[in-house]
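For the sequence shown, UniProt numbering begins at 1 and goes up steadily by one. All C-beta atoms, glycine included, are put in the ideal place defined by N, C-alpha and C. First up is the structure itself, then whatever we jot down about it.
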Amino acid sequence: MTEYIFVSVFAVVALVIVLGILFLSMILGPRKANAEKNIAYECGMLPSEEAKGRFPVRFATIAMLFIIFDIEVVFMYPWAVALDQLQLFGLVEMVLFVAILAVAYIYIWGRGGLEWD
């Protein structure tokens with residue numbers, strides 16, 4: 001239990017420091033708002049016109065699918081490192097894992113989730 005005391009003390013000290021810095025910035029920081037500070041800032045360029053439109057929902061869907069499949073593929077690295085210890089059981093588990101990924105990918109593809117019209 002003594003190991004947890006050090007971790008708890010560290011967490012409390014970190015929390016106090018973060019809250020202290022936030023409190024000091026709130027008290028000491030300048031608060032003068034003007035029109036120039038309230039405009040959108042993008043890539044160091046002042047906006048010259050309104051946004052042309054919204055991003056399509058497909059963009060967000062494809063982005064989320066990429067993140068999901070990317071994170072799932074990351075689980076293959078520890079498996080590859082420990083394959084000699086896992087032997088046949090590990091191979092069967094990874095084949096099932098990849099099969100589930102393939103079924104999900106085929107389902108999304110079939111539903112038109114990867115079409116970019």
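Put residue i into one of helix, strand or coil per three-state DSSP.
| i | result |
| --- | --- |
| Glu115 | coil |
| Ile39 | coil |
| Arg31 | coil |
| Ala82 | coil |
Would you mind reading off the limits of the alpha helix (DSSP H) that contains residue i?
| i | result |
| --- | --- |
| Met1 | Segment: none, Met1 is in no alpha helix (DSSP H) and carries neither H nor E. |
| Phe75 | Where Phe75 is concerned, there is no enclosing alpha helix (DSSP H), given that its DSSP letter is neither H nor E. |
Do you know whose CA, among the options, lies nearest residue i's CA?
| i | options | result |
| --- | --- | --- |
| Met76 | Gly113, Val57, Phe97 and Asp84 | Phe97 |
| Ile108 | Gly20, Arg58, Val13 and Leu88 | Arg58 |
| Glu116 | Val13, Asn38, Ala11 and Ile62 | The question names Glu, but residue 116 is Trp in the sequence shown. Among Val13, Asn38, Ala11 and Ile62, the Cα nearest to that of Trp116 belongs to Ile62. |
What's the C-alpha gap between residue i and residue j?
| i | j | result |
| --- | --- | --- |
| Ile27 | Val18 | 14 Å |
| Gly113 | Ile68 | 14 Å |
| Phe66 | Val73 | 10 Å |
| Ile5 | Gln85 | 36 Å |
| Leu22 | Lys32 | 18 Å |
| Gln87 | Ala80 | 11 Å |
| Gly110 | Lys52 | 31 Å |
Measure how close the beta-carbons of residue i and residue j come, nearest whole angstrom, since I'm counting them as under 8 Å.
| i | j | result |
| --- | --- | --- |
| Leu83 | Gly90 | 6 Å |
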